[in-house]
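Residue numbers (my numbering): 105 to 699.
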């Protein structure tokens, strides 16, 4: 039964397939029909696109006309409008644009259906081009800034405060707190300003000078050919020290020889070569990394042997060192130590000034003294502590007044010159078995009872008074001395030269450092807050830029003694600098030399 059903089903399927073949065309016919269908479909698409383009062109033609009535300003429409500039000459009637650029639609107050071709705009309605920027004219003498007044040396007026501040901004005056007094230094700065800016260099503050200084395009200060004065002489002295200028050319006049020396200096030190002394060139002149034009690190010459042997004799080079005439690390370090002890710039260059001093009878031999620090100092302090002259907690590696007093006491008991410095003889005696100990050596400090802290040893009041008070006494002896940029004493100073001279006279053999180099000092204890200042601290301030600054000596009670550019002399500040807005804003740090 099942077999019959299966045979019947197969026959049925065969009949259906045969009927389907009669209805559906064969394979070739089907491909032909599909191709015809594709062609018909493409034709429909082309027709639709062509119709759209025709409609768009029709709209473009209608939009290319405007109303005949004069256009009036109306409320902005939603449609953005682009006005095209029409040339003054006649043009042929506009034709249909070939591109899809935006067309012009000028809305009117009452739109009507009447449309006419676009009319030409008259010549005077052309859209003007963007005007070129017009430079602001320089102020002239007719500008009434000072109400017809003029100011001279000796005058006092609030306007002088603004003048000094501006002269400091431009570098004609060194950084300081401006005041209302027109002194010698302000006059000299004004003369320099006038000369460098093409004005009559008479040092008088008139309308034209004030207008150009405060409101005009004034030139910043650079020392250049034609300048003369003590500040030029100081730069020439430094160029001589570094071997860039001969001794006879140090005359205070900035001539061609000085300009040539500056250009060579700038080239050697990778500065902009222009033969002028700006802030960067001036700071580089006194930096510890300056490149000299004589013997420097790495150089070799037989004549160097003579100076190496003399440095050995003075105690700056180890006697076991073999002198070969080469500027190696040991020789450069010895030269730097010599320069610092003898008041020169600590640059490690063996230039004419350093060579002259090494060979002279005035050369100061090596000794450990106030202000020095290092392993040698610490070793000497350990020996003094063992002999009972200082306590173990005073072995710090810094040679302060406490150490100097201990050395003086040691020298007294051992029949040596009592100068508080550890020279070769003192050091030899200190390290010998015959060195006499302090009278109280061997005595032990009582052990504190449980629960009670060990009392902190009191500082050496007498020793501290001698060091700080000696510095202050020396500084005050120079009150009223003239301010000269770059001067280092004994009768003229700038701010850093004043601090340098006073420290050396007080027994601190300090190399010359500008106010900029003081910021990187690491040999003294640094004080970061004005509220922690003590009498005798060296104050360091920022100028109006990173390339300028100021230094002074703190007297206590909020007062400072310094060489002031605004006052033109060494003075004591009248106001409390710890409460002054100017000094508070410019304070960077202070350094404490006496422990």
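The C-beta atom is built at its ideal place from N, Cα and C for all residues, glycine as well.
Within the model, the alpha-carbon separation for residue 629 versus residue 251 is close to 52 angstroms. For residue 418, there is no enclosing beta strand (DSSP E), since its DSSP letter is neither H nor E. In the three-state reduction of the DSSP assignment, residue 286 falls in the coil class.
Judged by beta-carbon spacing, residue 398 lies within the 8 angstroms limit of residue 456, meaning their Cβ atoms are closer than that value. Counting the other Cβ atoms within 10 Å of the Cβ of residue 338 gives 16 or more, which makes it buried. Between the stretch 620–629 and the stretch 481–495, the count of Cβ pairs shorter than 8 angstroms is below three; the stretches do not touch. One Cα belongs to residue 400, the other to residue 587, and the distance between them is close to 33 angstroms.
Boundaries for residue 646: no alpha helix (DSSP H) harbours it, while the beta strand (DSSP E) harbouring it runs 642–646, taken from the DSSP string. Here residue 673 has 584, 585, 586, 587 as same chain residues with Cβ atoms under 7 angstroms from its own Cβ, once five neighbours each way along the sequence are excluded. Rounded to the nearest whole angstrom, the CA to CA distance from residue 330 to residue 249 is 30 angstroms. Rounded to whole angstroms, the gap between the alpha carbons of residue 468 and residue 532 is 18 angstroms. Straight-line spacing of the CA atoms in residue 671 and residue 525 works out to 38 angstroms.
Distance from the Cα of residue 366 is smallest, within the candidate group 355, 352, 357, 340, for 340. The beta carbon of residue 693 sits closer than 8 angstroms to those of 623, 630, 631, 632, 644, all from its chain and outside the five residues before and after it, given in chain order.
DSSP lists 597 as the beta-bridge partner residues of residue 592.
The way I'd put it, the stretch 280–300 does touch the stretch 258–269; three or more beta-carbon pairs between them come closer than 8 angstroms. Under DSSP, residue 666 shares a beta bridge with 675. The continuous stretches of alpha helix (DSSP H) do not include residue 693, which lies in the beta strand (DSSP E) extending over residues 691–696. Around residue 425, the same chain offers 412, 416, 434 as residues with beta carbons nearer than 8 angstroms, after the five sequence neighbours per side are excluded. Excluding five sequence positions before and after residue 686, the CB atoms of its chain that fall closer than 6 angstroms to its own CB belong to 281, given in chain order. In the DSSP assignment, residue 659 falls within the beta strand (DSSP E) that extends over 653–660. Among the bridge pairs identified by DSSP, residue 399 is matched with 454. Per DSSP, the unbroken beta strand (DSSP E) holding residue 629 starts and ends at 629–631. Within its own chain, the residues whose Cβ lies closer than 6 angstroms to the Cβ of residue 328, once the five positions on either side in sequence are excluded, are 380, listed in chain order.
Taking residue 607 as the centre and dropping the five residues before and after it, the same chain places the C-beta of 614 closer than 6 angstroms to its C-beta, in chain order.
Where residue 344 is concerned, the enclosing alpha helix (DSSP H) starts and stops at 334–345. Here residue 372 carries a helix assignment [DSSP, helix/strand/coil]. Setting aside the 5 residues that flank it on each side, residue 406 is surrounded in the same chain by 429, each with a C-beta closer than 8 angstroms to its C-beta; the list follows chain order. For the pair residue 669 and residue 278, the CB atoms are nearer than the 8 angstroms cut-off.
Closest option to residue 663, judged by alpha-carbon separation, among 140, 635, 438: 635. By the Cβ neighbour-count rule, residue 513 is buried, with 16 or more other Cβ atoms within 10 Å of its own.
DSSP, reduced to helix, strand and coil, places residue 437 within a helical segment of the structure shown. Comparing C-alpha distances from residue 255 to each of 297, 314, 592, 472 shows the shortest one belongs to 314.
Around the beta carbon of residue 496, a 10 Å sphere encloses fewer than 16 other beta carbons of the protein chains shown; the residue is thus reported as exposed.
Residue environment analysis places residue 660 among the exposed positions, since fewer than 16 neighbouring C-beta atoms fall within 10 angstroms of its C-beta. Residue 372 is a Cβ neighbour of residue 395, given a cutoff of 8 angstroms.
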